Amino acid sequence: MSPTDCHLAPEAKRDEEIWFEDGNIIIVAGDTAFRLYKGILSAASLVFKDLFSVPQPEDGETMDNCPVIRLPDPATDLRHFFRAVTKPDFSHLRHDYKPAFGMLAAVCRIGHKYQADEVVDAAAARIENFFARWPSTAATIISKNRGRMPLTWELFWWAHNRLCLTAVEIQDAFEAVGLARLLGRPSILPFALYLCCAGDPLHMRDGVPRPDGAVSRLSSEDYLRCIQAIPKLRAACSDKIRSVLARSMTASVLSDCTNGGQCAEVFEMMHRDFIEEKYVPVVTDLFASIRFLRTKPVAYTTYYLCLCSKCVLRLDVIEYGGEAAFLTKVFEL
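Going by full-length UniProt numbering, the sequence shown opens with residue 1, and the numbers climb by one from there.
Written out as structure tokens, the structure is:
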């Protein structure tokens, strides 16, 4: 073996997935080596295309007679990116496949850095679909339940992940906000900022660690947006409850009451006590009906057993409409 046909450092190992035996370029990140095709990377990325157009030095590092390029990026992020660009038509990012948010985010970060616009667009579209489509999910659930949404927040979240075919955790919203700013995708922001408010308060202060060791943090401006929005979101939850109770007091709504209409008086007491109550909902209660609130009003727990079975179900009604515009306004976007 000639001096110019050197091995990689002992700590570098071949990646088990992204290693094509007939590949003509080896990319090393940390202690991981990927073997790929220059043509595929050049077609996907302007940066790689320019990089490969520069003649390599004769004494450059090689392995298995392939030139070696070392990159500073996390191997996990590069693996996601390479997996995406080596699949036909980026099939790993299409809607018949359920990717995790972390994978999509990594593709966007690496793709943006290396000017791989087409793969970034494919990954960003999946993220945008999740964070912009939530009104459609809510409308679908309400429609299937005949205007009612007898769900907890957890069930709504499960349904949204399922309908969007994307695996997202609430804390992913912090990175989603950063990606929305980086990629110029403002439709991601309202729901992503809402989820930041709904998650762990320490994440809003300290950020969320990523697998690569970096931390996804809100900018000072977005942090302030969230702090100012939380009281408004809680007030919106209370307004929804008050509206449902007020409507339930009317005689026309109680036409099928099995208590001879006496439930109207119960609703009236519930409504009166709720107005006087210093109720503090959690942010995610915006998506739940009264019976399934995470934090239930004392006015509800005091009187609901006095309602007939028909009238109890009236508390499953959730008013929906205009929430998308509401979030945009709340976060001053």
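For glycine and all other residues, C-beta sits at the position ideal for the given N, C-alpha and C.
The structure presented is a predicted model; accordingly, all values stated were derived computationally and were not measured.
Item	Value
Cβ of Ser216 within 8 Å of Cβ of Ala132?	no
Taking only three categories from DSSP, how would you classify Thr32?	strand
Determine the burial state of Arg109: buried for a count of at least 16 other Cβ atoms within 10 Å of its Cβ, exposed for fewer.	buried
Taking only three categories from DSSP, how would you classify Cys257?	coil
Given a threshold of 16 other Cβ atoms within 10 Å of its Cβ, counted over all protein chains shown, does Glu323 qualify as buried or as exposed?	buried
How should Ser219 be labelled, buried or exposed, when 16 other C-beta atoms within 10 angstroms of its C-beta is the threshold for buried?	exposed
Please determine if the stretch 193–206 and the stretch 43–58 are in contact, where contact requires at least 3 C-beta pairs separated by less than 8 Å.	no
Using alpha carbons as the reference points, say which of Phe20, Ala139 and Phe331 lies closest to Leu36.	Phe20
For Thr86, is the classification buried or exposed, using 16 other Cβ atoms within 10 angstroms of its Cβ as the cut-off for buried?	buried
Give the range of the alpha helix (DSSP H) segment to which Pro135 is assigned.	Trp134 to Lys144
Please classify Gly102: is it buried, with 16 or more other beta-carbons within 10 angstroms of its beta-carbon, or exposed?	buried
Is the stretch 260–268 in contact with the stretch 219–234, if contact means three or more CB pairs nearer than 8 Å?	no
Rounded to the nearest angstrom, what separates Lys49 and Ile26 at their Cα positions?	15 Å
May I ask which residues mark the beginning and end of the beta strand (DSSP E) holding Ile69?	Cys66 to Leu71
State the beta-bridge partners of Pro209 as determined by DSSP.	Val215
Measure the C-alpha to C-alpha separation of Ala236 and Asp117 and round it to an integer number of angstroms.	39 Å
Taking DSSP as the reference, what is the three-state secondary structure of Gly147?	Residue placement at Gly147 cannot be trusted, given a pLDDT of 49 that sits under 50; the coordinates are not used to answer.
Considering only DSSP beta bridges, list what Arg14 is partnered with.	Ala33
Let me know the secondary structure DSSP gives Ile227 once reduced to three states.	helix
Indicate whether Leu163 and Ala124 have their beta-carbon atoms separated by less than 8 Å.	no
Tell me residue 356's beta-bridge partners as DSSP assigns them.	In the structure displayed, the chain extends from 1 to 333; residue 356 sits before or after that span and is not available.
So, using beta-carbon positions, are Glu17 and Arg70 closer together than 8 Å?	no
Taking the alpha-carbon of Ala176 as reference, which of Gly213, Leu202, Ile127 and Asp273 has the nearest alpha-carbon?	Ile127
Can you check which of these residues, Phe130, Pro67, His112 and Lys113, is closest to Lys98 by C-alpha distance?	Phe130
Let's see if you can read the secondary structure: which residues bound the alpha helix (DSSP H) around Cys311?	Ser309 to Val312
So, is the C-beta of Asp239 closer than 8 Å to a C-beta in chain B?	Here chain B cannot be found, since the structure has a single protein chain.
With a cut-off of 8 Å on the beta carbons, I'd call Ala159 and Ile142 a contact; round off their distance for me.	The pair is not a contact, with the Cβ atoms about 11 Å apart (cut-off 8 Å).
Name the two residues that bound the continuous alpha helix (DSSP H) containing Cys108.	Phe101 to Lys113
Sorted by chain position, which residues of the same chain lie with C-beta nearer than 7 Å to Ser45's C-beta, five sequence neighbours on each side aside?	Tyr114, Gln115 and Ala116
In angstroms with no decimal places, state the Cα-to-Cα distance between Phe156 and Lys329.	23 Å
Do Gly199 and Gln171 have their beta-carbon atoms positioned less than 8 Å apart in this structure?	yes
Which value, in whole angstroms, describes the spacing of the CA atoms of Asp273 and Ser255?	24 Å
Could you check the C-alpha separation between Gly260 and Arg291 for me, to the nearest Å?	22 Å
DSSP on Ala167, reduced to helix/strand/coil?	strand
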